[in-house]
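Notes for the one structure printed next.
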Amino acid sequence: MGKSQFSHAPAESTRGPGHAQLLVSETFLSRQGEGRLTGTESFFIRTSGCNLRCWFCDTPYASWDPSGDRQSIESLVDAARQSGAEHVVLTGGEPLLPAAATELSHALMEAGFHLTIETAGTIDKPIPCDLLSLSPKLADSTPDPQQHPRWSRLHEQRRMPLDTMRKLIDAAIAFQLKFVVGDAAQFDEVQDVSRGLEVDNDDVYIMPQGVTNAQMDAAERWLRPLAESAGYQYCDRMQIRWFGNRRGT
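For the sequence shown, the tail end lands on 491 under my numbering, and the numbers increase by one without skipping.
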């Protein structure tokens, strides 16, 4: 896709191998709170900038109001080494958006890290990783068209390119499909997308929409039975259980 379509964050400079820069919202050492590797100590690199605008986004500082500091690939790999973690999670925002994302991913894997990439799956880019964590955005994620007319239109146009998602899955060493579900009415769409992508039920993880323990507890009562009856994996958002809804976790 052309650069103009995703001009929501300043472009990275490209000053040769290892010296390209990305706009990074934050880096931190924590535990993976979602999906197959829940509980795994990981170093997180959160890029800033996104081509979608989910109304419930819990990292608006990397999407609605992208901010951060420019960091070189070399400095990010060094920071990952200094963290002591063996696992790195590249997340966002949308981590496939930056021009230097492919170079960063190669550098991290060449340095010996297990790399997870957390993406909405809207950008087809040759990007290596050990685990592709794909989170398609359901129809309910679209922002209000009255409050955000431009982003409502763009978000709806971009959020569900099944062909692009299938290409990313086919190129991945391993993958998981994660859905954030806010009400039972969305579950039909979850099943439609999963069938459209032709994935096994064991690779589908269902998570509650919510940013407090009380919200997740309430959702689990109706969402877990739905997920398990379909043969999917129910997945809590453990980072909220462990640390609360705050940055750097």
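Just so you know, even glycine gets a beta-carbon here, dropped at the ideal spot from N, CA and C.
All of these numbers come straight from a predicted model, not from anything done at the bench.
Selected residue, minimal CA-CA separation from residue i, among the options
{"i": "Asn293", "options": "Glu283, Asp300 and Gly334", "result": "Gly334"}
{"i": "Asp425", "options": "Leu465, Leu419, Glu398 and Ile359", "result": "Leu465"}
{"i": "Glu462", "options": "Ser471, Asn487 and Met449", "result": "Met449"}
{"i": "Gly490", "options": "Ile287, Thr280, Gly281 and Lys409", "result": "Ile287"}
{"i": "His261", "options": "Val330, Asp300, Leu346 and Ser471", "result": "Leu346"}
{"i": "Asn487", "options": "Ala353, Asp300, Ile365 and Gln428", "result": "Asp300"}
{"i": "Thr344", "options": "His397, Pro467, Thr280 and Ile365", "result": "Ile365"}
{"i": "Asp320", "options": "Ala353, His329 and His348", "result": "Ala353"}
DSSP state of residue i mapped onto helix, strand, coil
{"i": "Lys367", "result": "coil"}
{"i": "Asp442", "result": "coil"}
{"i": "Val432", "result": "helix"}
{"i": "His356", "result": "strand"}
{"i": "Met449", "result": "strand"}
{"i": "Lys409", "result": "helix"}
{"i": "Glu336", "result": "coil"}
{"i": "Pro397", "result": "According to the sequence provided, residue 397 is His. The question's Pro does not apply to it. Correct three-state label for His397: helix."}
{"i": "Gln313", "result": "strand"}
{"i": "Thr505", "result": "There is no way to answer for residue 505, as the model of the chain reaches only from 243 to 491."}
{"i": "Trp348", "result": "Note that residue 348 corresponds to His in the displayed sequence, not to Trp. Three-state result, His348: helix."}
{"i": "Ser377", "result": "coil"}
{"i": "Gln274", "result": "coil"}
{"i": "Ser255", "result": "Confidence is the limiting factor: at Ser255 the pLDDT is only 38, short of 50, which leaves the residue's position unreliable, though a coordinate-based value still follows. Coil, per DSSP."}
Inter-residue Cα distance where the pair is residue i and residue j
{"i": "Phe291", "j": "Asp459", "result": "Note on identity: in this sequence residue 291 is Gly, with Phe being the wrong assignment. Rounded to whole angstroms, Gly291 to Asp459 spans 31 Å at the Cα level."}
{"i": "Ile482", "j": "Thr454", "result": "7 Å"}
{"i": "Ser226", "j": "Thr269", "result": "Given that the chain is displayed from residue 243 to residue 491, the structure contains no residue 226 and the question cannot be resolved."}
{"i": "Ser309", "j": "Tyr303", "result": "6 Å"}
{"i": "Gly438", "j": "Ser377", "result": "14 Å"}
{"i": "Thr289", "j": "Gln475", "result": "28 Å"}
{"i": "Val266", "j": "Arg312", "result": "6 Å"}
{"i": "Leu332", "j": "Met351", "result": "12 Å"}
{"i": "Ala322", "j": "Arg278", "result": "21 Å"}
{"i": "Pro387", "j": "Trp306", "result": "15 Å"}
{"i": "Ala493", "j": "Arg408", "result": "The structure shown has nothing for residue 493, since the chain only spans 243 to 491."}
{"i": "Glu316", "j": "Asp434", "result": "41 Å"}
{"i": "Ile411", "j": "Glu440", "result": "10 Å"}
{"i": "Met402", "j": "Trp297", "result": "16 Å"}
{"i": "Pro370", "j": "Gln457", "result": "35 Å"}
{"i": "Leu339", "j": "Ala469", "result": "31 Å"}
{"i": "Ala427", "j": "Cys477", "result": "19 Å"}
{"i": "Phe285", "j": "Leu318", "result": "10 Å"}
{"i": "Leu396", "j": "Ser436", "result": "23 Å"}
{"i": "Tyr447", "j": "Ser314", "result": "33 Å"}
Closer than 7 Å: residue i CB and nearest the ligand ADP heavy atom
{"i": "Cys477", "result": "With respect to the ligand ADP, the structure offers nothing, as it holds no ligand at all."}
Proximity below 8 Å, CB of residue i to CB of residue j
{"i": "Gln263", "j": "Ala342", "result": "yes"}
{"i": "Met417", "j": "Asp445", "result": "The sequence given here places Phe at residue 417; Met does not occur at that position. Contact flag set, yes."}
{"i": "Pro337", "j": "Thr358", "result": "no"}
{"i": "Ser325", "j": "Leu404", "result": "no"}
{"i": "Val422", "j": "Gln399", "result": "no"}
{"i": "Lys420", "j": "Glu283", "result": "no"}
{"i": "Arg273", "j": "Trp484", "result": "yes"}
{"i": "Thr406", "j": "Ser394", "result": "no"}
For residue i: DSSP bridge partner residues
{"i": "Thr269", "result": "Ile287"}
{"i": "Phe421", "result": "Ile448"}
{"i": "Tyr303", "result": "BP columns for Tyr303 are empty, so no partner."}
{"i": "Leu264", "result": "Gln313"}
Short CB-CB distance (under 8 Å) between residue i and chain C
{"i": "Asp478", "result": "The structure shown contains no chain C, having only a single protein chain."}
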